[in-house]
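K.L.:
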Amino acid sequence: MKRFQISNLRFQIPKFVICISLLLISHFSLLTSLSAEEKIEIEEVVVTATRIEEAIEETTSDVVVIKAEDIKKMNIQFVTDVLRKIPELNLIQSGGAGKLATILLRGGDSKHTLVMIDGVKIKSTTTGSFDFSGINVDDIERIEIVKGPQSTLYGSEAMAGVINIITKKGEGKPKIDVSFESGSYGMYKPSLTVSGGNKKLDYRLTGTYFYTDGISAAKEGTEKDGYKNASISGKFGFRPVERLELELSGKYYYDRSELDFGTSGADDPNYTQRGNHYILSGKGKFYLVNIWEQILTISTVKDILKSRDPDDLFGWYSSDITTGIDTIDWQHNFYFSDNYTFTGGVEYRKEKGKSVELPTEVLRFDKAVDNKALYLNNKLKFLNDDLIINAGLRYDDHETFGAKTTYKLGAMYDIKPAGLRLRSSYGTGFRAPTLNELFWPDVGWYKGNPNLKPEETNSWDVTMEKEIIKDKISLSLTYFDQRYKNLVTGWYPPINIAKAEIKGIEVNAALKVTDNINIKGGYTYLDTEDKATGERLPLGPKDKFNLSTEFSTKDMSVIADYTFVSERYDSSVSRNLSSYSLLNLSSSYKMTKGLTIFARVENLLDEDYEEAGGYGTPGLSIFGGIRISL
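Count along the sequence shown from 1, then add 44; that gives the number in the working numbering.
(1) For V91, which option in K129, D182, L135, Y198 has the closest C-alpha, if you only look at C-alpha atoms?
(2) Whose CA, out of T211, S223, V108, R580, lies closest to the CA of V190?
(3) Roughly how many angstroms separate the alpha carbons of S277 and L570, rounded to a whole number?
(4) So, helix, strand or coil for D312, using DSSP?
(5) Would you mind stating whether K575 and E550 have Cβ atoms separated by less than 8 Å?
(6) Could I get the ranges of all uninterrupted beta strand (DSSP E) runs contained in the stretch 370-430, with 3 residues as the minimum, in chain order?
(7) Following the continuous alpha helix (DSSP H) through F474, name the residue where it begins and the one where it ends.
(8) What distance in whole Å lies between the Cβ atoms of I209 and I187, which are believed to be in contact at a cut-off of 8 Å?
(9) Whole-angstrom Cβ separation of K543 and F524, contact assumed at under 8 Å?
(10) Assuming R438 contacts T196 (C-beta within less than 8 Å), just tell me the rounded distance between them.
(11) Tell me the rounded alpha-carbon separation between L135 and L332.
(12) If contacts are defined as beta-carbon pairs under 8 Å, then I264 and P313 qualify, I think. What distance do you get, rounded to the angstrom?
(13) Assign N480 to one of three DSSP states: helix, strand, or coil.
(14) Starting from A261, trace the beta strand (DSSP E) both ways and give me its first and last residue.
(15) Does the distance from the C-beta atom of D304 to that of Y315 stay below 8 Å?
(16) Do the stretch 534-542 and the stretch 502-512 make contact, defined as three or more Cβ pairs closer than 8 Å?
(17) Below 8 Å between beta carbons: does that hold for Q338 and F330?
(18) With DSSP run on the structure shown, which of helix, strand or coil describes P494?
(19) Comparing alpha-carbon positions, which option in I259, G151, K243 lies nearest A143?
(20) Of the choices A656, G151, T94, I207, whose alpha-carbon is the least far from that of R527?
(21) Rounded to whole angstroms, what's the CA-CA distance from E611 to Y624? Just pull it up for me.
(22) Pull up the DSSP beta-bridge partners for Q338, would you.
(23) So, using beta-carbon positions, are G660 and A261 closer together than 8 Å?
(24) Identify every run of the beta strand (DSSP E) within the stretch 115-158, keeping only runs that are complete inside it and at least 3 residues long; order them along the chain.
(25) Under the three-state reduction of DSSP, which class applies to Y659: helix, strand or coil?
(26) So what does DSSP say about A204, is it helix, strand or coil?
(27) If you draw a straight line from the alpha carbon of Y490 to that of M203, how long is it in whole angstroms?
(28) Would you list the one or two residues that DSSP bridges to I563?
(29) Just curious, the beta strand (DSSP E) that L639 is in, first and last residue?
(30) In the DSSP assignment, the alpha helix (DSSP H) including T678 goes from what residue to what residue?
(31) Can you tell which of I372, Q375, L424 has the C-alpha that lies nearest to the C-alpha of S381?
(32) Can you give me the Cβ contacts of L674 inside the same chain, cut-off strictly under 6 Å, excluding the 5 residues immediately before and after it?
(33) Expressed to the nearest angstrom, what Euclidean distance is found between the alpha-carbon atoms of S362 and E655?
(34) With respect to the beta strand (DSSP E) encompassing I100, which residues constitute its N-terminal and C-terminal limits?
(35) Give me, in chain order, the residues of the same chain whose beta-carbon lies closer than 7 Å to that of K416; leave out the 5 immediate sequence neighbours on both sides.
(36) Counting only the same chain and skipping the five closest in sequence on each side, list residues whose C-beta sits under 6 Å from that of S518.
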């Protein structure tokens, strides 16, 4: 099979010429086409903000939604490619496709954002973070990002917010979707989906394989570090009677990544990591009476990571690590009236972790901790639904540190005559210590501390949304203030002493120029401070900006996407990482019914940049492919 590849070319393109040209094109389109009519859109619904379905306009939290059609137009491969465009997020990937990728939301640590797939909590119980690198986009229906503390409904980790990846379900007549993509760095990716559904039954099954020769994970390295990923996911729904819905969903993926110890700046030719990842959940939704909905969810998550680095410069890092989360959640929704909904539930969660050092086969630890929780939320509507109040409370009982109570209050006021919507919330959150932080044995340079307390936060925000020209121009402005305390710091042993403060401004705007041209932009300003040193917190940029211009017709779409990330400090290499700009282009064309071709250019400016200190990033890259629906 012949593969198209662009080598690491480094040529100079005047960046300002390209960026200004895009802006001028957008401005010219605005002047000539502002009077075009807009199509009526279906009301957008979210579930993560309050654990029940509600129109996004009714949420009292600040929510970002990325829909399947938007992801499809980007022609991208992994969820990392979606998230790095979001101004409120900072994605840190340690060297190209398949390498460790974590998220900072509103400047918080990667351990301060709860990640879920279809409402199932996923993370490494040993590190506390979730690695996004292996999650492809083929089965994603939408991504909901709820900003600010959400521990009241979701417990530990939901300090900076929640990212919920919601997968597709089958519908309509039986269908087969096939796609194939190939491009730079020897990349190729075939994918197959079968789906269908009716009033009683729905099904969707997706299989994907991804391969790339990769780039050097070490920034100054020359040896390529490849990656491959084989995944299968499925969702099956059954509605045997009117008031009963059953759903079974699962995802498995195997990946193998060649790595470098990037902060050293050197290649490590025989350092690899293999992973087996399992996510399985069963859900039953039923009504005993009209106003009482119950949702019972049972889920299990397991990750097996095998790292191998035979005897060489970095030979000390070989291990087998197994982590897992088992959860039972029983949620009750009482729809007492159109104006009052009560949500309450109980949750049991067991987090497990085992670490074995190789080749000595020394057992570092094999531990598990339990957490039991009771949560509730009240949603009330006033003034003909123009005023909405949310009030929630949660009690957690953790096996090691005991009890923790969190709460949240939120309000939304819709001033329809002015086209103005106001949101505000205040909440508290916490993070339970990881298994590493609690139980890691004394190895001379690090040991766990079983007496650690949870990290804590309190935060408030206020958002103003304004429709400047009806159905044409909208603007949102958010200010937030978040304080952290009892942050875990240190190595021998870790202790709860650190404090931090993060303030920020988020601006998002959307412009519908014509039925065919849309422009979206977002900017986030972060003011972060480590209260002990007075310095900025690591890896959070002061400024991040994204601008996307889309031209689309019935059969074609073209998107130009520009992202700027300012300078930020990386404590792992004790230096500042330079600011950078990324410009990506994507296009698709529907040739006939069921046949679409697409192409994508990444890093058009061939920017030489770092997301993580000492690790490489891809240069100018070109990809193309085909999608067939049968």
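All residues carry an ideal CB built from backbone N, CA and C; glycine is no exception.
Keep in mind it's a predicted model, so treat the numbers as computed, not measured.
P.N.:
This is what the structure gives:
(1) Y198
(2) V108
(3) 37 Å
(4) coil
(5) no
(6) 384-401, 406-426
(7) Run containing F474: none in the alpha helix (DSSP H); it sits in the beta strand (DSSP E), 464-475.
(8) 5 Å
(9) Between F524 and K543 the Cβ distance is about 17 Å, and since that is not below 8 Å, they are no contact.
(10) 5 Å
(11) 44 Å
(12) The amino acid occupying residue 264 in the given sequence is Glu; Ile does not appear at that position. Contact flag wrong, Cβ pair sits at about 14 Å.
(13) helix
(14) Looking at the DSSP string, A261 is not in any beta strand (DSSP E), and its letter there is neither H nor E.
(15) yes
(16) no
(17) yes
(18) coil
(19) One detail in the question is off: residue 143 reads as Lys in this sequence, not Ala. Checking every option, the nearest Cα to that of K143 belongs to I259.
(20) G151
(21) 8 Å
(22) F330, H376
(23) yes
(24) 133-137, 145-149
(25) strand
(26) coil
(27) 26 Å
(28) L555, T593
(29) 639-646
(30) There is simply no residue 678 to check, as the chain begins at 45 and stops at 674 in what is shown.
(31) L424
(32) I220
(33) 25 Å
(34) Taken as a continuous stretch (DSSP letters only), I100 belongs to no beta strand (DSSP E), as it is neither H nor E.
(35) Y392, D441
(36) E511, A554
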